[in-house]
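Peer 1: Can you read through this structure? Questions will come right after.
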Ligand code: GDP
Ligand code: MG
């Protein structure tokens, strides 16, 4: 799969301190191959890899992330960007009813989506009506009626008197009915063909002209592959659409179609359909889809948090100190622990991130209350004691214990741990690390 390929590409970067031109080229080649294998359209692949290459070479040096993490971050950001940046909301009409027209090939998942949309709209406090304007296939109307029943949403179907045989009339009378009965959203299901077809396009365009939809959603099967772009372009030209819905995302498809359609048509993906049940439906989140494509969601979350928790300047200052005269003080120790407290919430995920072994071990034994205790103890010390803990004799220690509400034993333990940390920081500095969690090279 694409994610396997990308993981492989990234893993070859682990353990490198810096990205060379050759590293970047090798990774970009791998990403390119992987995207093509995932059926992402060639022009999309080209522009994508060009952007990633450019960003990787322009060396946005991050002190919080090692090189492989940096590339993951760039790829993720670019994927998210292509998929529309942030999630877009469905647009509702100022004066109800809001009309949503569904368009797409036969089997794309329109009728199924009508039920899901209806169900979701109802849960959001709307009163939707489904309209059966697919009169092409023999059982299409009945299918929508069953779907509506499962979703608990009424269906407007052709009957003598409201447009038998004429999908445009059914759509028009359906919207009129909704106005009459105060349904506030109308979802119009339409016919599709197996391939793009002039008559079908004309019918969809006629329905569009009859009901003036607020949204036209192009429903596309995520497993359709390279054809997605051709189909999307045909619909964009023949009917036009304001948004995309990706169906069958529960399958193996990693979403190459999604990338291509969104990029080529510039229309945002609004929803994702993920199964046959009425509840298998969600708002589309570009960032989550990018994670899905990368299949590295947890790692990405971790990278974000590491960046946030990590104050690069602070860390550099500390690294300099250690590299210099080894002047790692108790105050520095406290700062380090406070940073670890921030990292503590993601203890579980640390196992997944390359190069985090060292810090993970520390976190295993890390007690967040410990930070407060250390803080109290360090605050009860004089500046001279903080600078040079060697002067802490027995009477100083009991004074500090009294002042901080701790015991001499706890102070002894703290000083032992401080010595260990100091040793560890020195060895990390010698290994060329930047001395802090996020900067540990993989
Ligand atoms: P339409 O021709 O565009 O109306 O497509 P349908 O809604 O009839 O769906 C075609 C087939 O795909 C049906 O068997 C659906 O049950 C199935 N289907 C639709 N959406 C999904 C989905 O998100 N996941 C899965 N697994 N199947 C789906
Ligand atoms: Mg249908």
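Numbering (the UniProt record's numbering), first residue to last: 4 to 445. Here a beta-carbon is modelled for each residue, glycine too, at the ideal position from N, C-alpha and C.
Going by CA-CA distance only, name the one from 120, 250, 37, 170 that's closest to residue 78.
Peer 2: The count along the chain shown starts at 1 and reaches residue 78 at position 75. Ranking 120, 250, 37, 170 by Cα distance to residue 78 puts 37 first.
Peer 1: When you compare only the Cα positions, how much space is there between residue 137 and residue 45?
Peer 2: On the chain shown, position 134 is the one that residue 137 refers to. On the chain shown, position 42 is the one that residue 45 refers to. One C-alpha to the other measures close to 34 Å.
Peer 1: Taking residue 174 and residue 134 to be in contact with their CB atoms under 8 Å, please state how far apart those CB atoms are, rounded to whole angstroms.
Peer 2: Residue mapping note: residue 174 aligns to position 171 of the chain shown, counting from 1. Residue mapping note: residue 134 aligns to position 131 of the chain shown, counting from 1. At roughly 6 Å, the Cβ-Cβ gap stays under 8 Å, so residue 174 and residue 134 are in contact.
Peer 1: Around the Cβ of residue 425, are there at least 16 other Cβ atoms within 10 angstroms (buried) or fewer (exposed)?
Peer 2: One-based indexing of the chain shown puts residue 425 at position 422. Result: buried.
Peer 1: When the cut-off is 7 Å and only beta carbons count, does residue 272 lie next to chain D?
Peer 2: Here chain D cannot be found, since the structure has a single protein chain.
Peer 1: Among the candidates 131, 374, 202, whose CA atom is the shortest distance from the CA of residue 185?
Peer 2: By one-based count along the chain shown, residue 185 stands at place 182. Among 131, 374, 202, the Cα nearest to that of residue 185 belongs to 131.
Peer 1: What do you get for residue 276, buried or exposed, if any count of 16 or more other CB atoms within 10 angstroms of its CB means buried?
Peer 2: Locating residue 276 in the chain shown gives position 273, where the first residue counts as 1. Buried is the call here.
Peer 1: For residue 234, does the count of other Cβ atoms within 10 angstroms reach 16, so buried, or fall short, so exposed?
Peer 2: Position 231 of the chain shown holds residue 234. Counting Cβ neighbours within 10 Å, residue 234 comes out buried, since at least 16 surround it.
Peer 1: For residue 106 versus residue 274, is the C-beta spacing smaller than 7 Å?
Peer 2: Position 103 of the chain shown, counting from 1, holds the residue named residue 106. Position 271 of the chain shown, counting from 1, holds the residue named residue 274. No. Outside cutoff.
Peer 1: Exposed or buried, what is residue 240 when buried is set at 16 or more other beta-carbons lying within 10 Å of its beta-carbon?
Peer 2: Position 237 of the chain shown, counted from the first residue, corresponds to residue 240. The residue in question, residue 240, is exposed, as its Cβ has fewer than 16 Cβ neighbours within 10 Å.
Peer 1: What does the alpha-carbon distance come out to for the pair residue 58 and residue 265?
Peer 2: Translated into the one-based positions of the chain shown, residue 58 becomes position 55. Translated into the one-based positions of the chain shown, residue 265 becomes position 262. Each residue's Cα considered, the two are about 21 Å apart.
Peer 1: Taking Cβ to Cβ, would you say residue 262 is nearer than 7 Å to residue 246?
Peer 2: Here the question's residue 262 lines up with position 259 in the chain shown. Here the question's residue 246 lines up with position 243 in the chain shown. No, the pair does not count as a contact, with Cβ atoms beyond the cut-off.
Peer 1: Can you tell me whether residue 121 is buried or exposed, with buried defined as 16 or more other CB within 10 angstroms of its CB?
Peer 2: On the chain shown, position 118 is the one that residue 121 refers to. Answer is buried; the Cβ neighbour count reaches 16.
Peer 1: Is any heavy atom of the ligand MG found at a distance shorter than 6 Å from the C-beta of residue 114?
Peer 2: To locate residue 114, count along the chain shown from 1; it is residue 111. Because some heavy atom of the ligand MG lies under 6 Å away, the Cβ of residue 114 counts as near it: yes.
Peer 1: Please report the Cβ distance between residue 452 and residue 102, rounded to the nearest whole angstrom; I am assuming they are in contact, meaning their Cβ atoms lie under 8 Å.
Peer 2: The question about residue 452 has no answer here: the residues shown for the chain are numbered 4 through 445.
Peer 1: So is the beta-carbon of residue 143 under 6 Å away from any non-hydrogen atom of the ligand MG?
Peer 2: Here residue 143 is taken as the residue at index 140 of the chain shown, counted from 1. At least one heavy atom of the ligand MG is nearer than 6 Å to the Cβ of residue 143, so yes.
Peer 1: Could you tell me whether any non-hydrogen atom of the ligand GDP is closer than 6 Å to the CB of residue 25?
Peer 2: Your numbering for residue 25 matches position 22 in the chain shown. The answer is no for residue 25.
Peer 1: Around the C-beta of residue 145, are 16 or more other C-beta atoms found within 10 angstroms, so that it is buried, or is it exposed?
Peer 2: Here the question's residue 145 lines up with position 142 in the chain shown. Classification of residue 145: exposed, given that the 10 Å Cβ count is below 16.
Peer 1: Ignoring anything shorter than 3 residues, give me the beta strand (DSSP E) runs that lie fully in the stretch 75-139, in order along the chain.
Peer 2: Those beta strand (DSSP E) runs which fall completely within the stretch 75-139 and span 3+ residues are 101-106, 131-136.
Peer 1: What are the residues that DSSP puts in a beta bridge with residue 193?
Peer 2: For the purposes of this step, residue 193 is taken as residue 190 along the chain shown, with counting starting at 1. For residue 193, which the question treats as bridged, DSSP gives the partners 136.
Peer 1: Which residues bound the alpha helix (DSSP H) around residue 240?
Peer 2: By one-based count along the chain shown, residue 240 stands at place 237. Where residue 240 is concerned, the enclosing alpha helix (DSSP H) stretches over 230-241.
Peer 1: I'd like the list of long-range same chain contacts for residue 451, defined as Cβ closer than 7 Å, with 5 residues on each side in sequence excluded.
Peer 2: In the structure as shown, the chain starts at 4 and stops at 445, and residue 451 therefore has no counterpart that could be examined.
Peer 1: Is the closest heavy atom of the ligand GDP to the C-beta of residue 182 under 6 Å?
Peer 2: Here residue 182 refers to the residue found at position 179 when the chain shown is read from its first residue. No, the beta carbon of residue 182 sits no closer than 6 Å to any heavy atom of the ligand GDP.
Peer 1: Whose C-alpha, out of 143, 218, 181, is nearest the C-alpha of residue 195?
Peer 2: As a working mapping, residue 195 is identified with position 192 in the chain shown. Ranking 143, 218, 181 by Cα distance to residue 195 puts 143 first.
Peer 1: Below 8 Å on the Cβ atoms is my contact criterion, and I expect residue 451 with residue 117 to pass it. Report the Cβ-Cβ distance as a whole number of Å.
Peer 2: Missing from the structure shown is residue 451; the chain here goes from 4 to 445 and no further.
Peer 1: Taking the alpha carbon of residue 392 as the point to measure from, which residue in 340, 251, 332 has its own alpha carbon closest?
Peer 2: Counting from one through the chain shown, the residue named residue 392 turns up at place 389. Out of 340, 251, 332, 332 has the C-alpha closest to the C-alpha of residue 392.
Peer 1: Taking DSSP's pairing of strands, which residues face residue 219 in a bridge?
Peer 2: Reading the chain shown from its first residue, position 216 is the one you call residue 219. Residue 219 is bridged to 104.
Peer 1: Could you tell me which residues DSSP puts in a beta bridge with residue 274?
Peer 2: Within the chain shown, residue 274 is the residue found at index 271, counting from 1. DSSP lists 248, 286 as partners of residue 274.
Peer 1: If you measure between the beta carbons of residue 94 and residue 217, is that distance less than 7 Å?
Peer 2: As a first step, residue 94 must be located in the chain shown, where it is residue number 91. As a first step, residue 217 must be located in the chain shown, where it is residue number 214. Taking 7 Å as the Cβ cut-off, residue 94 and residue 217 qualify as a contacting pair.
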